[in-house]
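**Student:** Could you have a look at this structure, given as structure tokens, before my questions?
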Amino acid sequence: MADIQIALDKHLRAYLLANEPPEHEELRRLRERTAKLALARMQIAPEQGHFLGFLARLIGARRTLELGTFTGYSALAMALALPEKGRVVTCDINVEWVNIGRPYWEKAGVADKIEVMIGQAGDTLKGIEREGTEPFDLAFVDADKARYDSYYESALRLIRPGGLIVLDNTLQRGRVADPNERHADAVAVRQLNAKIAGDERVDRVILPLGDGMTLARRRA
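Those letters in the sequence shown? Residues 12 to 231, per our numbering, in order.
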């Protein structure tokens, strides 16, 4: 039984989605709006949105940090899962992408939970660290892959003990498993995967969800 692996074809994925809680109406609308963009592939899948919301509720998150807003689907998924006074601090370099999501945040009634910081993620993180703000409970990293290691280290400093870091795209469409693959993103993520695998500061696991999601829980 331990060797059984199931390929997630379109029929099985449809079954999976049909047996999850319904996608929030504004999440669905934002996803369909984003699908019209040339870079729509940058948006997480509905099941990943469900998963992020589940994780936020599971750990009782009140403050979450996000690197890579895009059009705001994941920020909305997390904001919907937070308590009334919860906060999502989300960072991106492109205000036009972010502005696509704002009306959907408003209609979902959670716009006041989402704070957007526009600028290079590295600079934004340095600013947050300098401010010495209250630690975050959860950090979702879905920004430029070449800097994933730096973002991971910053997130470790910014989350509380017992807090959770979630990194997206850590399988790179399978490219990380090919040692001959030299694409910069695949190389950077492969190196970070190896680093996290041996990182005793965290409890960690890679899940084959979407394009791969790594969970790292900061140890006390």
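Heads up, the beta-carbon is just placed ideally off N, CA and C, and yes, glycines get one too.
From which residue to which residue does the beta strand (DSSP E) around Gly173 run?
**Tutor:** 170-179
**Student:** Ordered along the chain, which non-local residues of its own chain (more than five positions away) have a Cβ less than 6 Å from that of Thr225?
**Tutor:** Leaving aside the five residues that flank Thr225 on each side, the residues in its chain whose CB is nearer than 6 Å to its CB run, in chain order, Leu178, Thr181, Ile217.
**Student:** Indicate whether Glu95 and Ala86 have their beta-carbon atoms separated by less than 7 Å.
**Tutor:** Cβ atoms of Glu95 and Ala86: not closer than 7 Å.
**Student:** Of all the options Pro114, Glu142, Ala195, Arg201, which has the alpha carbon lying nearest to the alpha carbon of Thr45?
**Tutor:** Pro114
**Student:** Who are Ile129's beta bridge partners in DSSP?
**Tutor:** Asp103
**Student:** Using 6 Å as the cut-off, classify the Cβ of Asn180 as near or not near the heavy atoms of the ligand FAD, replying yes or no.
**Tutor:** No copy of the ligand FAD appears in this structure; indeed no ligand is present at all.
**Student:** For the putative contact between Gly112 and Gly83, defined by C-beta atoms under 8 Å, what is the C-beta separation to the nearest angstrom?
**Tutor:** 3 Å
**Student:** Between Leu28, Pro32, Asp189, Thr80, which has its C-alpha nearest Val152's C-alpha?
**Tutor:** Thr80
**Student:** In whole angstroms, give me the CA-to-CA distance for Trp116 and Phe62.
**Tutor:** 19 Å
**Student:** With a threshold of 6 Å on Cβ separation, who are the neighbours of Met12 within its own chain once the five nearest residues in sequence on each side are excluded?
**Tutor:** For Met12, the predicted model reports a pLDDT of 47, less than 50, meaning its position is unreliable; a value from the coordinates is still stated below. Contacts found: none.
**Student:** Taking its Cβ as the centre, do 16 or more other Cβ atoms sit within 10 Å of Leu27, making it buried, or is it exposed?
**Tutor:** Under this definition Leu27 is an exposed residue.
**Student:** Alpha carbon to alpha carbon, how far is Ala49 from Ala231?
**Tutor:** If you draw a straight line from the Cα of Ala49 to the Cα of Ala231, it comes to about 42 Å.
**Student:** According to the neighbour-count rule (16 or more other Cβ atoms, all chains shown, within 10 Å of its Cβ), is Leu184 buried or exposed?
**Tutor:** Looking at the sequence itself, residue 184 is Arg, so the reference to Leu does not match. Exposed: under 16 other Cβ atoms inside 10 Å.
**Student:** Go through its chain and collect everything with a Cβ distance to Ala195's Cβ below 8 Å, but skip five positions before and after it.
**Tutor:** Lys156, Ala157
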